[in-house]
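In our numbering, the protein residues as written are 1164 to 1293. Heads up, the beta-carbon is just placed ideally off N, CA and C, and yes, glycines get one too.
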């Protein structure tokens, strides 16, 4: 059985974003909550893989050029894993790039991801959009 850290790493460190997505689909609990920060363009809480995919990942993939999260490091504590680093990308409609510091808080139970919460400097992201 994978450790909580290995599970979270598998959602970031695959060879492709498709591999990361497949790993997320495997480990995300059916009723997991996924919270994008208030003020972030996709802010809100979504339940389960399908809602996360349609409300977050599909939009990131279609509205941005080379949107990515570069993980700097991880911090673990029992059933929690924090990944922190930097978002970057260019908004397609405006052609404006951005970088933003970010942290993701993952909570796991019995080898499954039960919640995700994003903490980010949303203003830099919004400056690229508007």
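Legend entry - Delimiting residues of the alpha helix (DSSP H) encompassing residue 1219: To locate residue 1219, count along the chain shown from 1; it is residue 56. Per DSSP, residue 1219 belongs to no alpha helix (DSSP H) and is neither H nor E.
Inset, instruction - Check whether the Cβ of residue 1261 lies closer than 7 Å to any heavy atom of the ligand SAM, and answer yes or no. - result: No copy of the ligand SAM appears in this structure; indeed no ligand is present at all.
Inset, instruction - Enumerate in chain order the residues of its own chain whose CB-to-CB distance from residue 1290 is below 8 Å, with the five nearest sequence positions on each side excluded. - result: Translated into the one-based positions of the chain shown, residue 1290 becomes position 127. Taken in chain order, the residues that qualify are 1259 and 1261.
Inset, instruction - Rounded to whole angstroms, what's the CA-CA distance from residue 1192 to residue 1263? Just pull it up for me. - result: Taking the first residue of the chain shown as position 1, residue 1192 is located at position 29. Taking the first residue of the chain shown as position 1, residue 1263 is located at position 100. Straight-line Cα distance between these residues: approximately 28 Å.
Inset, instruction - Tell me residue 1280's beta-bridge partners as DSSP assigns them. - result: Counted from its first residue, the chain shown places residue 1280 at position 117. According to DSSP, residue 1280 bridges with 1198 and 1268.
Legend entry - For residue 1267, the nearest candidate out of 1250, 1185 and 1275 (CA to CA): The count along the chain shown starts at 1 and reaches residue 1267 at position 104. Residue 1250 is the option with its Cα nearest to residue 1267.
Inset, instruction - Verify whether the separation of the beta carbon atoms of residue 1279 and residue 1197 is less than 8 Å. - result: Taking the first residue of the chain shown as 1, we reach residue 1279 at position 116. Taking the first residue of the chain shown as 1, we reach residue 1197 at position 34. In this structure, residue 1197 lies closer than 8 Å to residue 1279 by Cβ.
Inset, instruction - Below 7 Å CB to CB, which residues in the same chain sit around residue 1248 once its five sequence neighbours on both sides are set aside? - result: Translated into positions along the chain shown, residue 1248 becomes position 85. So the qualifying residues of the chain are 1232, 1233, 1234, 1235 and 1265.
Inset, instruction - For residue 1252, I'd like the list of residues in its chain whose CB is within less than 6 Å of its CB, leaving aside the five on either flank, ordered along the chain. - result: As a position in the chain shown, residue 1252 is number 89, starting the count at 1. Same-chain partners within the cutoff: 1227, 1229 and 1230.
Inset, instruction - From the DSSP output, in three-state form, read off residue 1185 for me. - result: What you label residue 1185 is simply residue 22 of the chain shown in a count that begins at 1. DSSP places residue 1185 in helix when its eight states are reduced to three.
Inset, instruction - Would you kindly report the start and end of the unbroken beta strand (DSSP E) that includes residue 1231? - result: Taking the chain shown and counting its residues from 1, the one referred to as residue 1231 is at position 68. That run of the beta strand (DSSP E) goes 1227-1240.
Inset, instruction - Report the rounded CA-to-CA distance for residue 1271 versus residue 1179, giving the unit in angstroms. - result: Taking the chain shown and counting its residues from 1, one reaches residue 1271 at position 108. Taking the chain shown and counting its residues from 1, one reaches residue 1179 at position 16. C-alpha of residue 1271 to C-alpha of residue 1179: approximately 23 Å in a straight line.
Legend entry - Extent of the continuous beta strand (DSSP E) run through residue 1172: Here residue 1172 is taken as the residue at index 9 of the chain shown, counted from 1. Note, residue 1172: premise wrong, no beta strand (DSSP E); alpha helix (DSSP H) at 1167-1173.
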